[in-house]
Structure formats: structure tokens, C-alpha cells
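For what it's worth, the numbering used here labels the leading residue of the sequence shown as 174, then goes sequentially.
Think of the CB as a built atom: it goes at the ideal place given N, C-alpha and C, for glycine as much as any other residue.
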Amino acid sequence: FIAALDADFTFIDPADRARIKTQNSRAHLAASLARHHRHIFLAWQNGEAIGYIIAGTEVDGSGNIDWLYVKPGVRGNSIGLKLLSRMMRRLRLYGVDHVTLVTYAYTNYYRRQGFQVLRQVMSDGIEQDLMQYEYYHDQA
């Protein structure tokens, strides 16, 4: 995660990247997994983590995608889509009725997955799109 943050998220201010690193340290992520409202899936290839997704659920029935990342060298093989699809199913099983996320550069990707832009927000020191996916009541 830290290597990905330094290599692929250089558009984020260094002070904000340092804060994100602290909030997503191994110890912090391990502790958050002990709580039932945090979910992390990893994609592996030849014993190496090549992608991950981190999400959470809230008591109000909402969910949020915090991070979806796939290493640049393996992008274009639907790894991100598989991680996102699996997480969306997991969140639904936990009773979530809508999922939000913020994105800087992947608005069109998330639109293709059914997310809608709600508004622009400041996040991690930059203006990003706040997006939402709503599950329909007849879905399980």
C-alpha cells in the first residue's frame, strides 16, 4: 500500500500522503479488521499482492469504498472489477443500501459500474468526485 501511494498517488500533497500512510499502516489495518465494519480483499499473483480494496460499513446502512488499487503492470485484466464486484456483494450481505466513494481520475470507470456523481468534494487536499451506488430493494 505504501509503495503504491508513493508511486501512483503523487497528485496528493505530501503532507496528506503522510497522513494517509499513518491511517493505513499495517497495525491500523489489522486492528480495523478486528471490527466487523471493515472489509479488505486482496488479489494475488504468484505469491505477490497485485491489488486490493478496502471498504467499510456504517450503522446507518451505508457503505464506503476507501481504496481500490491494482498495480500498473497488471491493469486491464479485470482485477479491479473483480475486487469491486466482490466487495459490493459483501457490503450488500452486510445490509448496506448504498455505497459511496471519492475519486480523482476514475469517474468514468465507476460510472460504468453503476455509480453516480453526487458532487465535488475536497478530499486528501484535492477536489474529487463524490460518487454513490444505490442498491435496488429487489436485489439481494
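| Item | Value |
| --- | --- |
| From Phe-288 to Pro-245, what does the alpha carbon distance come to, in whole angstroms? | 23 Å |
| Can you tell me whether Asp-270 is helix, strand or coil according to DSSP? | coil |
| Is Leu-264 closer than 9 Å to Gly-236 when the C-beta atoms are compared? | yes |
| Taking three-plus beta-carbon pairs below 8 Å as touching, is the region 294-304 in contact with the region 264-278? | yes |
| What does Gly-298 pair with, by DSSP beta-bridge criteria? | Note: Gly-298 sits in no beta bridge, so no partner. |
| Rounded to the nearest angstrom, what separates Ile-120 and Lys-255 at their Cα positions? | Residue coverage of the chain in this structure runs from 174 to 313, which leaves residue 120 outside it and unanswerable. |
| According to DSSP, simplified to helix, strand and coil, what is Tyr-282? | helix |
| Look up Arg-248 in the DSSP assignment and say whether it is helix, strand or coil. | coil |
| So which of Thr-230, Phe-214, His-210, Tyr-282 has the shortest CA-CA distance to Gly-249? | Tyr-282 |
| I'd like to know whether the C-beta atoms of Arg-211 and Gly-229 end up nearer to each other than 9 Å. | yes |
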